[in-house]
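What follows is a short report on a single structure.
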Amino acid sequence: METDDEEEEEEGGEKKVRIIEIILIQAAALCISNGSFSDPPNIPGLAHFLEHMVFMGSKKYPQENKLDDFLGKHGGYTNAWTDCERTSFHFDVEQKYFHQALDIFAQFFIHPLLRQDSVDREIQAVDSEYQMSLPSDDERACMLYGSLAKEGHPMGKFFTGSIDSLKTIPQQNGIDVYGNLKEFEHKMYSAQFMTLAVQSKVSLDKLEKWVRDIFSEVPNNKLPKQSFDHLKDPFDMEKFGKLYYIDPVKDKHMLEIIWSFPSMLPHYRKKPLSYLDFFLGHEGEGSLLAYLKSRYFATEVESGHSYNGFELNTTATQFVVNLTLTDQGLDQFEEVLLAVFQYIHMLQAKGVQKRYFDEMKTIEETKFRFKEKGDPMDYVERVSENMQLFVPEDVLTGRDFLYEYDPELIAKCLANLRADNCCVFLSSKQLAEKCDRQDIKWIPVKYGVGDIKPEWRKKWQATDFTMAEVEAELTTKHPIVLSENEHCTLYYKKDMKFKVPKVFFFSHTLLKIFEAVMNHKLDAPAYPAILAGYDYSTRVDDTGIRFKVIGFNQKLPELFDLLLNAVFEYSCDDELFPFMRNKVKRDLFNAIIKPSELVRMLRFSVLDPNNKSAAEMYAEIDSLTNQDFQQILAEFRQNIKADILVVGNVTPKEAMWYKERLESKLNGKVEPSSVYKRRLYQIPKQWSFCQINSFNMEDANSVITVYLQSDPGDIRATVINELLDTRMQEPCFDVLRTQLQLGYSVYCQNLLTYGIMGMAIVVQFQAQKFSMHEVDNHIEDFLNKFKEILDKMTTEEFDTLVESLVAAKQTEDTHLGEEVKRYWGECIEQNYVFDRLEKEVLGNPEVEQADVSSPKEEMEPPHKRANTDKERCYRMIPVRDSSYQDHQCITDMHSFKSKLTLFDHHCITK
Ligand SMILES: [Zn+2]
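Next up, the structure:
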């Protein structure tokens, strides 16, 4: 360990006590108790479409992008979603603009324009969102599950909507969509259905007055709430009680066992299903997962239900046990099912025990007490939704707390987990042959139907399971020291992270496998800590292994030792190795089939001389043996150089303990010069582009990233770049999405890659709607247009821009976690400038408007890349597109890179 690192650490350690008390960001959320369940049967997706349309101007503020524009200039952001029985709208903004933003926001519900000329364009945005959901396995499983519902039950509806459902088909049937839209708005967006939550620094009296003054104008149509009470019990066993085979998009073997319970919303104070989930989702010693792992059948388990309206609504609750299987587990899935049911029988036989309920209750309450202050917008969004679900005194805790113990209800639910009332989804690419059907409307899921054989059921009902009982020890979670600085140090949290930045490019893939091995083996021993509110993570990248442990003072050293032990002692035998290798291989594949990931990867393939992309790792992984693995691991452990960051309610002496523990494990002596320094290629000053086909040819989603590289940065220049980016956000969205409707996901990015500044515009579009060339030209036009916008910027606009960025920087740390993340970023980038934010805010010399207008030169686009999906291609060799004759097309990555110069290793320290 280098000495100057330690000094930096001290500095970082001291800064931990500085708490930023002023929360400048204010937020509001409005929740409506109507959603997609209320869609008229002949216009699927209408509720979602309306959610989009409402933001397109109001009588008082007719401009289409008024709220986005206003928030964009004042450090704010807005979003919305539509669920089965609820719709939510929310925003945040700097304190001094809150009142006005609240007024602009409220006008959407007082008098929305729902302009007819926005209709076609916004349908495009909805359709793009729909197209993006098509390759999602979760979405496919939901639609398949919905299709099992009885005729006419709203679970079977198509919620997102598309051009076909919102335009083409209604048009053919002579249905007036626009008229229906207005009627739906009038019926559903009415005051008696709305709940509002606001978070602000102004006094409660003043806030209440604001809200009353502004929102009292929201109309109330006095209609009763639409009820779905008569639709309880959505499924017929004939369709539901089957084994469904699915051919998924991702390379993953999944086994899902699903039960449909009556709605648990009325029982939220008792949470009977949490008891079931506590055991079935348990990962510690003696658990179902530990057993399945010991037989190499499964790698992960998830169980329970969420507050997502599809899983939990007024008609039913879905309870799921979801297992990620190995190849072996897939082959013997009947054995896996047998284990699940025998485990359930064991639970039933043991009976409901109060001590477990009490333990869960304590855990939830402790987590709540020490919960970090989260993002204000997320918080009001949650609270406004809770107001629809719980009585007023439970609005803050209703989702988490277990208020009342009801053993009979729990026993009844437990007894309901039977083999003859469940639905089974088995999903794997290896099942493709069995999946001969593709008839679910709106979604191209390939599936097949099999029977749950009576003899299996009989077997599953046997009760001779002898698995050890789950003994989740109750860890005492109470912190030893109570801080006088109430909130922030607040949660008496100790955050600690360390990384080992020593690189082996050739072994990167093997390190990935090591990461999988560690996580596989850590699951059981670390699980009690996770239950008690601790957390850890491990991560491998091109600089080495990083891990992080978070939690309360008392047991953190134990968890730290456990992870340390994993890094230095864990290994794997010849039996485990192939399982781990396969797991990593699947993870890699699932990363590269996402167009957005693929494009990012391609960018790094071009820019980073030592980059090993997921595709390259995927290609080589089958040839790796356990012998290679053991060798690299031994070498790795001999050559570790570590940075440790300890932040939290810790004395310097305690922090030293961690360092000493780690040092006791280090044996090799590492030269500082051998530490890997990341560097980047300079891109030539001409347009060049690189194009690659998607791995998943059924996925029409394509991504184009236009990357503009600039110079090595200093603090002042990075601030200028941020200002540019902030100014670009809104027009980028307005032009490329709202006006041109290129796609749903459109944004610009301020990039700082290994100390080199840059800017990117990313557009996700659908290949059947636009060619890459068209999208690219639009981006180029936009960049030119943006230069004009900069030229026309007034001094006032510039000042507000600076003000809003300064405000954003001052609010960066509303909780300790954020702060730690920033410090850790400094360590990873090897910059160690822990007071960067202050330096940026002070700006030396001060940033002037001319600075922002001048970097136009750098915005001449020197490099571009894109990805489309015209033909299947499994190589990283891009395909030439004849429409690009004027530009340099990168067809051979190696020869292209061989002509480039590298930037020096660069750290932004001043
Ligand atoms: Zn949407």
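Residue numbers (the working numbering): 19 to 928.
Glycine included, each C-beta is placed from N, C-alpha and C at the ideal position.
Classify residue i as buried or exposed, calling it buried when 16 or more other Cβ atoms lie within 10 Å of its own Cβ.
i, result
"residue 860", "exposed"
"residue 805", "exposed"
"residue 653", "exposed"
"residue 300", "buried"
"residue 100", "buried"
"residue 555", "exposed"
"residue 421", "exposed"
"residue 236", "buried"
"residue 712", "buried"
"residue 506", "Reliability of the predicted coordinates at residue 506 is poor, the pLDDT of 20 falling under 50, and the value obtained from them is presented with this limitation in mind. Looking at its Cβ environment, which holds 16 or more other Cβ atoms inside 10 Å, residue 506 is buried."
"residue 893", "For residue 893, the predicted structure reports a pLDDT of 21, less than 50, and the residue's modelled location is therefore unreliable. A value from the coordinates is still provided. Exposed, since its Cβ has fewer than 16 Cβ neighbours within 10 Å."
"residue 509", "For residue 509, the predicted model reports a pLDDT of 22, less than 50, meaning its position is unreliable; a value from the coordinates is still stated below. Flag for residue 509 reads buried."
"residue 72", "buried"
"residue 327", "buried"
"residue 186", "exposed"
"residue 922", "exposed"
"residue 843", "exposed"
"residue 761", "buried"
"residue 241", "exposed"
"residue 158", "buried"
"residue 289", "buried"
"residue 222", "exposed"
"residue 511", "In this prediction, residue 511 has a pLDDT of 26, which is less than 50 and means its spatial position is unreliable; what the coordinates show is noted afterwards. Classification for residue 511: buried."
"residue 409", "exposed"
Taking 7 Å as the line, does the beta carbon of residue i fall inside it for any heavy atom of ligand 1?
i, result
"residue 764", "no"
"residue 147", "yes"
"residue 70", "yes"
"residue 66", "yes"
"residue 137", "no"
"residue 144", "yes"
Helix, strand or coil: which one does DSSP assign to residue i?
i, result
"residue 265", "strand"
"residue 778", "strand"
"residue 679", "helix"
"residue 792", "helix"
"residue 112", "strand"
"residue 711", "strand"
"residue 351", "helix"
"residue 300", "coil"
"residue 373", "helix"
"residue 909", "coil"
"residue 661", "strand"
"residue 62", "coil"
Provide the residue span of the beta strand (DSSP E) that contains residue i, from first to last.
i, result
"residue 553", "553 to 559"
"residue 342", "335 to 343"
"residue 469", "464 to 469"
"residue 730", "719 to 730"
"residue 765", "763 to 771"
"residue 272", "271 to 279"
"residue 96", "95 to 100"
"residue 635", "Note, residue 635: premise wrong, no beta strand (DSSP E); alpha helix (DSSP H) at 632 to 638."
"residue 307", "Element bounds for residue 307: not the beta strand (DSSP E) but the alpha helix (DSSP H), 306 to 312."
Could you give the residue range of the alpha helix (DSSP H) that holds residue i?
i, result
"residue 652", "644 to 656"
"residue 90", "84 to 91"
"residue 74", "First-last for residue 74: undefined, no H or E at that position."
"residue 750", "733 to 750"
Task: At least three beta-carbon pairs within less than 8 Å, the region 730 to 749 to the region 82 to 101 - done: yes
Open item on the list: Check whether the region 623 to 635 and the region 360 to 375 are in contact - that is, three or more C-beta pairs closer than 8 Å.
Closed with: no
Open item on the list: Three Cβ pairs or more, each shorter than 8 Å: is that satisfied between the region 210 to 217 and the region 42 to 62?
Closed with: yes
Task: Cβ contact check for the region 56 to 64 and the region 199 to 209: 3 or more pairs under 8 Å - done: yes
TODO: Evaluate the contact criterion for the region 144 to 154 versus the region 253 to 263: three or more CB pairs, one atom per stretch, below 8 Å.
DONE: no
Task: Meets three-Cβ-pair contact criterion under 8 Å: the region 265 to 284 and the region 444 to 453 - done: yes
- [ ] Indicate whether the contact test is met: 3 or more Cβ pairs, each with one atom in the region 779 to 786 and one in the region 719 to 726, closer than 8 Å.
- [x] yes
TODO: Count the CB pairs spanning the region 312 to 321 and the region 338 to 349 that are closer than 8 Å, and state whether there are at least three.
DONE: yes
- [ ] Decide if the region 676 to 686 is in contact with the region 576 to 588; the criterion is three or more beta carbon pairs, one per stretch, under 8 Å apart.
- [x] yes
Open item on the list: For the structure I just gave you, are there three or more beta carbon pairs, one from the region 840 to 859 and one from the region 812 to 829, closer than 8 Å?
Closed with: yes
Open item on the list: With three or more beta-carbon pairs closer than 8 Å as the criterion, would you say the region 594 to 613 touches the region 525 to 544?
Closed with: yes
Open item on the list: When you compare the region 436 to 443 with the region 126 to 144, are there three or more beta-carbon pairs, one atom per stretch, that lie closer than 8 Å?
Closed with: Segments in contact, no.
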